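Structure record follows, encoded as structure tokens.
Numbering (the numbering used here), first residue to last: 1468 to 1675.
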């Protein structure tokens, strides 16, 4: 299945505007291509995805809708009374593995999910998408150290580096790219990996 990313960008803007509430458009647009690439080309049925950068959730909603994971019409209801979709992904939403809100929680949860898979000898990888500023949280640093100590080779951390913050790395091996198609090698690298995706905040909308 292929799709027009510009169509998804328009979808994000239209639904966000119709919600009548302030939305993190620029953050959603900076991660859209990464989320689409994961769902369209990288992840398999045994994989899990955690969006730790939860304020960019409109990108996830748009991709889940395009993939038929969200029921038709649900994205339009975002932010409305009684709707399951809010400004951060909540529990009970199809495709949402872990409900994130405050930054710094998704990566520790992903470490736990990856460790559980390893203990239970379950197939599949755990992908987690975090923001560059979020990586300054102590909880993220501790999670990275724990993942290394536990040799979680089934964990893939993707950092959305859109230059909103300067991130200090812990000396662990990272893969860096400015071409998201390079994510294709992320499955085959069986070492614990932090992958840096160089992105643009508000990508696709010049005014942002």
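Glycine residues also receive a C-beta, built at the ideal position from the N, C-alpha and C atoms. From a predicted model like this one, the values you see are computed outputs, not experimental measurements.
query	result
For residue 1625, which beta-bridge partners are listed by DSSP?	1596, 1662
Return the bridge partner residues of residue 1517 from the DSSP annotation.	1595
When the distance is taken between beta carbons, is residue 1499 closer than 8 Å to residue 1526?	yes
Taking the beta carbon of residue 1598 as the centre, do at least 16 other beta carbons fall within 10 Å, making it buried, or is it exposed?	buried
Whole angstroms is fine: what's the gap from residue 1552's alpha carbon to residue 1480's?	15 Å
Take residue 1622 as the anchor and find which of 1495, 1484, 1662, 1538 has the nearest alpha-carbon.	1662
Cβ atoms of residue 1568 and residue 1555: under 8 Å apart, would you say?	yes
Go through the stretch 1536-1624 residue by residue and report every complete run of the beta strand (DSSP E) that reaches 3 residues or more, in order.	1593-1598
For the alpha helix (DSSP H) that contains residue 1494, what are its first and last residues?	1492-1504
Just verifying my parser: in three-state terms, what is the DSSP assignment at residue 1477?	helix
Could you check where the alpha helix (DSSP H) with residue 1525 kicks off and where it finishes?	1524-1533
What does the alpha-carbon distance come out to for the pair residue 1587 and residue 1573?	21 Å
Taking buried to mean at least 16 other C-beta atoms within 10 Å of its own C-beta, is residue 1535 buried or exposed?	exposed
Pick helix, strand or coil for residue 1511, following the three-state DSSP scheme.	coil
Look at residue 1542 and residue 1521 and say whether their C-beta atoms are less than 8 Å apart.	no
Can you grab the Cα-Cα spacing for the pair residue 1664 / residue 1650, in whole Å?	9 Å
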